[in-house]
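**Student:** Residue numbers (our numbering): 2 to 398. Backbone N, C-alpha and C fix where the C-beta goes; we use that ideal spot for every residue, glycine too.
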């Protein structure tokens, strides 16, 4: 899902490891050709989280704080040792990149559904919205785009949010500026329907689209993996393809369950810290209870080290003390973020990282920015990648 710009609890705190270099603007900060937005409270893929959704710091064709190649670091994850962990089998750093990729394509249902319209649905903001046509759909987040395409209605989508980077959507026009919706761009495409997150903004743009008479439905975010189906169902109902929504929900839930069955039954639960890093913007954060990563980490049979250490905020500036308290056995990062700090070599140079079990073992788990926190039809692939990197190559085949 996407990270809309706007006020955030994180915006009240110093987001940078080097405080003098961080000057929080009203909405976002421009860095070369990329946008590094402030993180705002949002619902991620069925789970209510105050998080940078999977799409923090995207450019028009790629995500990450380092531009199209992820930033001013090395162009890979780096190499490292294969030291062991007392809690689970180690994942060597030079294989982290190998396992990080999730296929950047969605898998539509085998049969294209025929929308049964008109329908009247209740938007997540309480409004009753009647949808009469769905020939020209504009989903305003990468996650919502993914659901529409996977339901089989990608041919009806006429634009994308900057965070929809999967192959089937990549050639569509972008209707966001950074993470702000451009109402003018949306309206110029004459959509029949606009789908938005509850956190999509700015509010003025949403109002402008509605004032133009365009049906706009907001979809609630996710609280856990169990809510993936709820989001799919809400989108399917809005599009008049309820049966297809049930089919996709069943498929998604079964695939997630299959991955979880392959998690080693006998293991000490590894402690995993989710770090959000953008080296070129001097943003170095550790996720807490509301980061959005907790449900995914727990679904992989691990412990969210940040949340477990008492970090109540969504994200906290990385310090040696915070990492020592979290004591992670593994560190989870977004792939482009890892590149932006110079790969594993650069990551372990951040304050306190080298002193953690994860840093000493160079045990870094990286997953593509565009899907990590999406909580949608590809969450099973994200979970599978996480499980493989935590427990070894032969796990969760």
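I need the DSSP call for residue 379, collapsed to helix, strand or coil.
**Tutor:** If DSSP states are grouped into helix, strand and coil, residue 379 belongs with coil.
**Student:** Buried or exposed for residue 266, please, with buried defined as at least 16 other CB atoms from any protein chain shown within 10 angstroms of its CB.
**Tutor:** That one is exposed.
**Student:** Does DSSP put residue 1 in a helix, in a strand, or in coil?
**Tutor:** As displayed, the chain neither begins before 2 nor continues past 398, which places residue 1 out of reach and without an answer.
**Student:** With 16 other CB atoms within 10 Å as the buried threshold, where does residue 347 fall?
**Tutor:** Its Cβ being crowded by 16 or more others within 10 Å, residue 347 is buried.
**Student:** Check whether the Cβ atoms of residue 1 and residue 116 lie closer than 8 Å to each other.
**Tutor:** Within the shown structure, residues of the chain are numbered from 2 to 398, placing residue 1 beyond reach of any answer.
**Student:** Quick check on this structure: which residue in 305, 133, 187, 218 has the alpha carbon closest to the alpha carbon of residue 127?
**Tutor:** Measuring from the Cα of residue 127, the nearest candidate turns out to be 218.
**Student:** Around the Cβ of residue 262, are there at least 16 other Cβ atoms within 10 angstroms (buried) or fewer (exposed)?
**Tutor:** Looking at its Cβ environment, which holds fewer than 16 other Cβ atoms inside 10 Å, residue 262 is exposed.
**Student:** Can you give me the C-alpha to C-alpha distance between residue 159 and residue 138, rounded to a whole angstrom?
**Tutor:** Near 6 Å, if we compare the C-alpha coordinates of residue 138 and residue 159.
**Student:** Cα-Cα, which of 392, 339, 353, 360 is closest to residue 370?
**Tutor:** Comparing Cα positions, the closest option is 339.
**Student:** For residue 219, list the residues DSSP reports as bridge partners.
**Tutor:** In the DSSP output, where bridge partners are listed per residue, residue 219 has 197.
**Student:** Count the other C-beta atoms from every protein chain shown that fall within 10 angstroms of the C-beta of residue 198, then say buried if there are 16 or more, exposed otherwise.
**Tutor:** The residue is buried, with at least 16 neighbouring Cβ atoms inside 10 Å.
**Student:** Which class does residue 318 belong to by DSSP, given the choice of helix, strand or coil?
**Tutor:** Of the three classes helix, strand and coil, the one that applies to residue 318 here is strand, per DSSP.
**Student:** Taking only three categories from DSSP, how would you classify residue 170?
**Tutor:** Three-state result, residue 170: coil.
**Student:** Under three-state DSSP, which class holds residue 163?
**Tutor:** Coil.
**Student:** Between which residues of its own chain and residue 190 is the CB-CB distance below 6 Å, once the five residues before and five after are set aside?
**Tutor:** These residues qualify, in order along the chain: 159, 160.
**Student:** Using a Cβ-Cβ cutoff of less than 8 Å, which residues in the same chain neighbour residue 328 once the five nearest sequence positions on both sides are dropped?
**Tutor:** Counting only Cβ-Cβ distances below 8 Å, and skipping sequence neighbours, we find 272, 306, 310, 357, 358.
**Student:** Applying the 10 Å Cβ sphere with the 16-neighbour rule, what's the burial state of residue 108?
**Tutor:** Exposed, because fewer than 16 other Cβ atoms sit within 10 Å of the Cβ of residue 108.
**Student:** If you draw a straight line from the C-alpha of residue 113 to the C-alpha of residue 151, how long is it?
**Tutor:** Rounded to whole angstroms, residue 113 to residue 151 spans 10 Å at the Cα level.
**Student:** Measure the C-alpha to C-alpha separation of residue 361 and residue 290 and round it to an integer number of angstroms.
**Tutor:** Spanning the two alpha carbons is a distance of roughly 25 Å.
**Student:** Excluding five sequence neighbours on each side, which residues of the same chain lie with their C-beta closer than 6 Å to the C-beta of residue 276?
**Tutor:** So the qualifying residues of the chain are 287, 332, 334.
**Student:** Could you pull the start and end residues of the alpha helix (DSSP H) that residue 264 belongs to?
**Tutor:** It is not in any alpha helix (DSSP H) - residue 264 carries neither H nor E in the DSSP assignment.
**Student:** Grouping DSSP H, G and I as helix and E and B as strand, with all else coil, what is residue 331?
**Tutor:** Of the three classes helix, strand and coil, the one that applies to residue 331 here is strand, per DSSP.
**Student:** What do you reckon, are the CB atoms on residue 300 and residue 226 nearer than 8 Å?
**Tutor:** Against a cut-off of 8 Å, the Cβ pair of residue 226 and residue 300 comes out as a contact.
**Student:** Mind checking who residue 274 pairs with in its DSSP beta bridge?
**Tutor:** According to DSSP, residue 274 bridges with 332.
**Student:** If we ignore side chains and look at the alpha-carbon of each, how far apart do residue 350 and residue 316 end up?
**Tutor:** Distance between the alpha carbons of residue 350 and residue 316 is about 20 Å.
**Student:** Just curious, the beta strand (DSSP E) that residue 214 is in, first and last residue?
**Tutor:** No beta strand (DSSP E) contains residue 214, which DSSP labels as neither H nor E.
**Student:** Of all the options 224, 367, 134, 163, which has the alpha carbon lying nearest to the alpha carbon of residue 147?
**Tutor:** It is 163.
**Student:** May I ask you to report which of helix, strand or coil DSSP gives residue 357?
**Tutor:** DSSP places residue 357 in coil when its eight states are reduced to three.
**Student:** Shortest alpha-carbon distance to residue 393 belongs to which of 202, 204, 264?
**Tutor:** Taking only the C-alpha atoms, the option nearest residue 393 is 264.
**Student:** Use the C-beta contact count for residue 204: other C-beta atoms within 10 angstroms, 16 or more gives buried, fewer gives exposed.
**Tutor:** Residue 204 comes out exposed.
**Student:** Verify whether the separation of the beta carbon atoms of residue 121 and residue 134 is less than 8 Å.
**Tutor:** No. Outside cutoff.
**Student:** Would you grab the beta carbon distance between residue 1 and residue 201 for me? Rounded to a whole angstrom, and I think it's under 8 Å.
**Tutor:** Not covered by the structure: residue 1. The range shown for the chain is 2 to 398.
**Student:** Give every residue of the same chain whose Cβ lies closer than 6 Å to the Cβ of residue 155, excluding the five residues on either side of it in the sequence, and list them in chain order.
**Tutor:** Within the same chain, residue 155 has close Cβ partners 169.
**Student:** Using 10 angstroms around the beta-carbon of residue 337, count the other beta-carbons present and answer buried if the total reaches 16, otherwise exposed.
**Tutor:** Looking at its Cβ environment, which holds 16 or more other Cβ atoms inside 10 Å, residue 337 is buried.
**Student:** Would you kindly work out how many angstroms separate the C-alpha atoms of residue 196 and residue 312, rounded to a whole number?
**Tutor:** Their Cα atoms are separated by approximately 33 Å.
**Student:** Can you tell me which of the three DSSP states residue 230 falls into?
**Tutor:** Reduced to three states, the DSSP call for residue 230 is helix.
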